[in-house]
């Protein structure tokens with residue numbers, strides 16, 4: 061996901077993200093998207109890791125007993141939130157999240173932006189044990205045309221958000237642990253929430269999901285993913301500089317966090 065500028069800000073929150081409400085990461089993405097779009101910031105790379113979290117999509121607001129499922133999973137130690145991009149549920153259990161925010165170019169299509177992220181992940185994992193394909197994996201959770209898979213096993217998903225002439229492209233990479241066990245948790249969440257009142261529309265088959273550790277047949281780590289990001293940027297002649305929030309971004313963060321928290325209360329509270 062490399063654009064023309066040769067200097068990027070890197071907002072690394074692999075440690076902070078574990079200590080914070082996961083909603084903050086999505087509020088930060090909105091801030092960075094707007095900062096790049098209207099405040100002439102260089103492109104921003106935002107990376108984070110969360111403790112066990114069920115991340116619902118906008119379509120999940122239709123779930124019949126979503127509050128009951130939320131309460132059950134919170135009792136198990138999960139945080140349950142609704143994100144601002146993507147349509148259906150995913151999970152942040154042992155998942156590495158990466159979101160570049162870029163200036164929107166004239167005529168830039170949604171698919172072209174997805175393609176760039178797909179190719180960036182391909183470059184990160186150029187030693188993958190098979191071709192990394194972008195296609196819908198039926199039976200995976202949060203399925204879409206840009207599911208990233210190896211041997212038809214989904215290990216990553218991409219979503220996109222456009223705000224104030226900026227584009228934020230979020231990719232969630234299952235690095236460690238078991239992809240199928242992760243999918244089982246989402247399946248159980250949907251079972252608890254009773255799906256929709258009249259019919260089941262989400263069928264999850266855990267065997268369609270895998271982590272990079274599963275696919276490589278050896279333990280993979282977040283630190284390894286970080287090293288791969290650094291390598292790809294260096295190969296493209298891009299300087300990554302650890303960034304800090306500007307004063308304008310700090311003020312905007314409070315506003316965006318309030319918005320995402322309000323949205324979550326509306327959907328998740330009785």
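Numbering (the numbering used here), first residue to last: 61 to 330. Every residue gets a Cβ at the ideal spot worked out from N, C-alpha and C, and that includes glycine. Quantities reported herein were computed from a predicted structural model and do not represent experimental measurements.
query	result
Opening and closing residue of the alpha helix (DSSP H) in which residue 177 lies	170–184
Residues of its chain near residue 280, where Cβ-Cβ distance is below 8 Å and the 5 sequence neighbours each way are ignored	235, 236, 271, 272, 273
Start-to-end residues for the alpha helix (DSSP H) that takes in residue 97	83–98
Distance between residue 68 and residue 99 (C-alpha atoms, nearest Å)	14 Å
Residue interval of the alpha helix (DSSP H) (run including residue 234)	Element bounds for residue 234: not the alpha helix (DSSP H) but the beta strand (DSSP E), 226–234.
Distance between beta carbons of residue 239 and residue 17, contact taken as under 8 Å	Residue 17 lies beyond the range of the chain shown here (61 to 330); nothing can be said about it.
Cα-Cα separation between residue 103 and residue 162, rounded to whole angstroms	5 Å
Under the three-state DSSP convention, the category residue 318 falls into	helix
6 Å CB neighbourhood of residue 76 in its chain, flanking five on each side removed	none
CB-CB length for residue 269 against residue 200, believed under 8 Å	5 Å
Residue from 183, 217, 189, 301 with nearest C-alpha to residue 195	217
Local conformation of residue 324 per DSSP, three classes	helix
Inter-residue Cα distance where the pair is residue 299 and residue 289	12 Å
CB contact below 8 Å: residue 92 versus chain B	Of the chains in the structure shown, none is chain B; there is only one protein chain.
Residue 130, buried or exposed, once every other Cβ within 10 Å from all chains shown has been counted against 16	buried
Nearest-angstrom Cα separation, counted from residue 94 out to residue 71	15 Å
Residue 310 classed as buried or exposed, judged by whether at least 16 other C-beta atoms fall within 10 angstroms	exposed
Cut-off 7 Å between Cβ atoms - residues of its own chain near residue 91, not counting five sequence neighbours on either side	309, 312, 313, 316
Test item: CB-CB of residue 324 and residue 141 under 8 Å	yes
Other residues of its chain near residue 74: CB distance less than 7 Å, five sequence neighbours each side excluded	107, 108, 109, 282
Cβ neighbour criterion (16 or more within 10 Å) applied to residue 304	exposed
For residue 165, the three-state DSSP class (helix, strand or coil)	coil
Closest residue to residue 113 among 286, 158, 81 (Cα-Cα distance)	81
Reduced DSSP category for residue 222 - H, G, I as helix; E, B as strand; rest coil	strand
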